[in-house]
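Position in the sequence shown (first residue = 1) + 54 = our numbering. Comments concern the structure below.
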Amino acid sequence: MTDPSDGSDFIADAEWHNEWWDTGNGSLSELEQTASLDPRSDLLKVLQSIDDEREDGTESLVYPIYGPTGIGKTTLLQQFIAAILDSDTVDFSPGHRDLDIVGSVDPRQILYVPLEDSLYHLEPSSNAVEKLENVIDYFRSHVAPRRGRKYIILDDIGALRLDEDEQSALLDLVDDDTYLLLTGIVESQVDLRGTSDSSDAKINYPRAMLPMKFIDTIKQGAYDDSALLETDPDFALRVESHQTRSMDGEALIKDVRSNLSESENLDDAVASLNQLYFEAFSDVERDGLYEAAREYLQKGGIFLRATETPVKNELIRSHLLLYLYKELAEYESIQRPENLHRIASLAASQAGNELRYTDISDQLEVDRRTIDSYLSVLDDGLSVSESHDFSLQRHRRTRLYLRNPRHVVLLSQRQEHHGFETYEKTQSLNHEFEYKLARTVAFDHAKRLAWRVGGSGDEDPQVEYFETESGTVDYILHNEDGVTVPFVLSYHPHAGNADEIAVEFDPTVGKHPKPGGEELLDLDYEAPYRFIIADSLPKEVTQSGSLVVERDGVNLCYIPYWLFLLIC
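Laid out in structure tokens, this is it:
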């Protein structure tokens, strides 16, 4: 064992990990290899956020990122470093070269510490922090220029094993003109806002990393070999323009998202949906997006360097089990981590079917309170999320959804997911399992859309459901003004009576308690439109030129499944 007072080995390790400090040796092989990978949209969002802070004159900043093991946090940090390094240091063009931060930072202004790889986890927490402080002091005194902003990047702060009282030690690392980026596995691990009384640093709300959304896979060129992109190589750029910036004065995806949260703006949201379907995309592009959405169900939202299917699957399975059995269970002090695995498997097999808490308790042989704690841990860990009843009438029941569609495949029984084991287009007709995946993916995307509709600040917005006599309203979003946006999933082979379900839905049944209490909010719930997510649109819709039809005085708006994924 090393002398606990001696930090030289950690300093030497930092020098090894920060190979860009000594660019004279001409070797940046590891960073260049990471930079060669296609960046996901999270990187561009981080670059944009940090660039905005610089432009606004923010002197000291804490930028937290969290997400499950294997989701790509380390790759994101390394690509962030490659992007901001002086352009002569490493060849990396992540897009959006107009950002001032890209290619502008002296290599000696960046300190990257992979805490787990550097064996901080072998030290008691107080010693580990001391070792880290020594490394940072060395960086400031012997490496970094006297003037200029320092970027300190801490990967996997769970290795420090800090409790809530010790988290404030991280803020002591943020001097004037210092930007601290840090990653962890759950929000509470990286959220330093409650420890900021003695710090002048600006502390950002933690950014969650999840599997890539459907629209991000298109922007990544995940379907380059499809007929869609062969006919129009600029298609991905056109899709992005509708999401982020105006094209011919219209950014239709952005318009839909912006107008869903206010009742008086819903007509504008629906108008943008109509333009997206009937005007923005041609017949060939609509067919291509339909096929791309099915391929997304096959692949999921994670793309790995490995090319062979068994290797990809084993990597994802190993990351999940490591996360559940070690990292998540250890952080949340779960005594029986195998129960986290069992609940995740239950979510895979049921895929959004209604479950009674008593049945889950009996299956796991634990009480209801313990089940609640497990589900809370899995939700915090972005692995399994619950959907509750919109009216509180079925409060003893829940619906469970995995957040990663690939986990549905890997945790299901072989006969269930037959045909979906590989990442290629399946030739097998396995409609029931495709429906499970479609239902899971739609929930995950609805959960992300709920942030826009809910407008609830830091509160995690809920995606709820409601049972009518005709069937289930699968995903219900609402905000604190009572605006309700219900979605019925109509996907083969469960596509029979979606219009009847949508018409029967009564938004006034909604009941929600005030935050932190049991008293109910007094809201006038309204749903000017009921949305039907359909894998195949009715002929009357395609022939009429409008996604909206009226049934019994109710406005129903049909949305193709691929279009729903695009707007989320």
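Glycine included, each C-beta is placed from N, C-alpha and C at the ideal position.
(request) For M301, collect the residues of the same chain with a Cβ closer than 8 Å to its Cβ; drop the 5 residues on either side in sequence, then sort them by chain order. (result) Numbered from 1 along the sequence shown, position 247 holds the residue referred to as residue 301. Note that M301 has pLDDT 45, beneath the 50 cutoff, so the model's placement of it is unreliable and the number below is only indicative. Correct list, in chain order: R292, S295.
(message) Residues in the same chain with beta-carbon distance under 8 Å from A398, minus the five sequence neighbours each way, listed in chain order, please.
(response) Residue mapping note: residue 398 aligns to position 344 of the sequence shown, counting from 1. Excluding positions up to five away in sequence, the list reads L374, L378, L432, S437, V438, L456, H461, L465.
(message) Taking only three categories from DSSP, how would you classify K366?
(response) Start at 1 with the first residue of the sequence shown, and residue 366 comes out as number 312. Helix, per DSSP.
(request) In the DSSP assignment, find the unbroken beta strand (DSSP E) run with K204 in it and report its ends. (result) Working through the sequence shown from its first residue, we reach residue 204 at position 150. Counting along the chain, the beta strand (DSSP E) containing K204 begins and ends at 204-209.
(request) Could you check if K127 is buried or exposed, using at least 16 other CB atoms within 10 Å of its CB as the buried criterion? (result) Translated into the one-based positions of the sequence shown, residue 127 becomes position 73. The residue in question, K127, is buried, as its Cβ has 16 or more Cβ neighbours within 10 Å.
(message) So D105 and I155 are supposed to be a Cβ contact under 8 Å. How far apart are they, rounded?
(response) Working through the sequence shown from its first residue, we reach residue 105 at position 51. Working through the sequence shown from its first residue, we reach residue 155 at position 101. Contact flag correct, Cβ pair sits at about 4 Å.
(request) Would you grab the beta carbon distance between R261 and I119 for me? Rounded to a whole angstrom, and I think it's under 8 Å. (result) Taking the sequence shown and counting its residues from 1, one reaches residue 261 at position 207. Taking the sequence shown and counting its residues from 1, one reaches residue 119 at position 65. Yes, they are in contact, since the Cβ atoms of R261 and I119 sit about 5 Å apart, within 8 Å.
(request) Give a yes or no on contact between the stretch 215-226 and the stretch 191-198, applying the rule of three or more CB pairs nearer than 8 Å. (result) no
(request) Give me the Cα-Cα distance between E440 and L454, rounded to the nearest whole angstrom. (result) Counted from its first residue, the sequence shown places residue 440 at position 386. Counted from its first residue, the sequence shown places residue 454 at position 400. When rounded, the distance between both Cα atoms is 5 Å.
(message) At the level of alpha carbons, what is the spacing between Y344 and G111?
(response) As a position in the sequence shown, residue 344 is number 290, starting the count at 1. As a position in the sequence shown, residue 111 is number 57, starting the count at 1. So the alpha carbons of these two residues sit roughly 45 Å apart.
(request) Quick one: measure Cβ to Cβ for D589 and Y545, integer angstroms, because I've assumed they're closer than 8 Å. (result) Numbered from its first residue, the sequence shown carries residue 589 at position 535. Numbered from its first residue, the sequence shown carries residue 545 at position 491. Right, their Cβ atoms sit about 5 Å apart.
(request) Please report how far the alpha carbon of A492 lies from the alpha carbon of Y277, in whole angstroms. (result) Residue mapping note: residue 492 aligns to position 438 of the sequence shown, counting from 1. Residue mapping note: residue 277 aligns to position 223 of the sequence shown, counting from 1. One C-alpha to the other measures close to 18 Å.
(request) Identify the continuous alpha helix (DSSP H) that holds G248 and give its terminal residues. (result) Working through the sequence shown from its first residue, we reach residue 248 at position 194. No alpha helix (DSSP H) contains G248, which DSSP labels as neither H nor E.
(message) Helix, strand or coil, according to DSSP, for I425 in the structure here?
(response) By one-based count along the sequence shown, residue 425 stands at place 371. Residue state, collapsed to three classes: helix.
(request) Please state if the CB of L314 and the CB of A323 are separated by a distance shorter than 8 Å. (result) Taking the first residue of the sequence shown as 1, we reach residue 323 at position 269. Taking the first residue of the sequence shown as 1, we reach residue 314 at position 260. Their beta carbons are under 8 Å apart, which means A323 touches L314 by this criterion.
(message) Applying the 10 Å Cβ sphere with the 16-neighbour rule, what's the burial state of N407?
(response) By 1-based counting over the sequence shown, the position of residue 407 is 353. Per the 10 Å Cβ criterion, exposed.
(request) Please say whether T526 and E558 have beta carbons closer to each other than 8 Å? (result) Here residue 558 is taken as the residue at index 504 of the sequence shown, counted from 1. Here residue 526 is taken as the residue at index 472 of the sequence shown, counted from 1. Contact: no.
(message) Less than 8 Å between the C-beta atoms of Y385 and G212, yes or no?
(response) Position 331 of the sequence shown holds residue 385. Position 158 of the sequence shown holds residue 212. Result yes, Cβ atoms of Y385 and G212 sit closer than 8 Å.
(request) Can you give me the Cβ contacts of Y583 inside the same chain, cut-off strictly under 7 Å, excluding the 5 residues immediately before and after it? (result) By one-based count along the sequence shown, residue 583 stands at place 529. Correct list, in chain order: L320, V324, N609, C611.
(request) Run the CB neighbour count on R422, radius 10 Å, all protein chains shown included, and call it buried at 16 or more, exposed below. (result) Walking along the sequence shown from the start, residue 422 turns up at place 368. Exposed: under 16 other Cβ atoms inside 10 Å.
(message) Would H499 and C622 be called neighbours here (beta carbons separated by less than 8 Å)?
(response) Within the sequence shown, numbered from 1, the residue matching residue 499 stands at position 445. Within the sequence shown, numbered from 1, the residue matching residue 622 stands at position 568. Cβ distance < 8 Å, so H499 and C622 count as in contact.
(request) Would you mind reading off the limits of the alpha helix (DSSP H) that contains Y344? (result) In the sequence shown, counting from the first residue as 1, residue 344 sits at position 290. It spans 337-353 - the alpha helix (DSSP H) in which Y344 sits, taken as one unbroken run.
(message) Can you tell me whether Q243 is buried or exposed? The criterion is at least 16 other CB atoms within 10 Å of its CB, across all chains shown.
(response) Here residue 243 refers to the residue found at position 189 of the sequence shown. By the neighbour-count rule (16 or more Cβ atoms within 10 Å), Q243 is buried.
(request) Check the C-beta distance from L97 over to P148 and give it rounded, since I have them as a contact under 8 Å. (result) Sequence index remark: in the sequence shown, residue 97 carries index 43 (1-based). Sequence index remark: in the sequence shown, residue 148 carries index 94 (1-based). With 8 Å as the limit, L97 and P148 qualify as a contact, their Cβ atoms being about 6 Å apart.
(request) Select from N458, I555, G473, I530 the residue whose C-alpha is nearest the C-alpha of L264. (result) Taking the sequence shown and counting its residues from 1, the one referred to as residue 264 is at position 210. The shortest C-alpha separation from L264 is found at N458.
(request) Give the secondary structure of E73 by DSSP, where H, G and I count as helix, E and B as strand, and everything else as coil. (result) For the purposes of this step, residue 73 is identified with residue 19 of the sequence shown, where counting begins at 1. Here E73 sits in helix by DSSP.
(request) Quick one: using the 10 Å Cβ neighbour count with 16 as the cut-off for buried, is D226 buried or exposed? (result) Here residue 226 refers to the residue found at position 172 when the sequence shown is read from its first residue. Exposed.
(request) Note down the Cα distance separating F474 from E362, rounded to an integer number of angstroms. (result) Your numbering for residue 474 matches position 420 in the sequence shown. Your numbering for residue 362 matches position 308 in the sequence shown. Whole-angstrom Cα-Cα distance: 14 Å.
(message) What would DSSP say about D528, mapped onto helix, strand or coil?
(response) The sequence position of residue 528 within the sequence shown is 474, counting from 1. Three-state result, D528: strand.
(request) Helix, strand or coil for K127, going by three-state DSSP, please let me know. (result) Stepping through the sequence shown from its first residue, residue 127 is reached at position 73. DSSP places K127 in helix when its eight states are reduced to three.
(request) Give me whichever residues DSSP pairs with I613 in a beta bridge. (result) Locating residue 613 in the sequence shown gives position 559, counting from the first residue. Beta-bridge pairing links I613 to I587.
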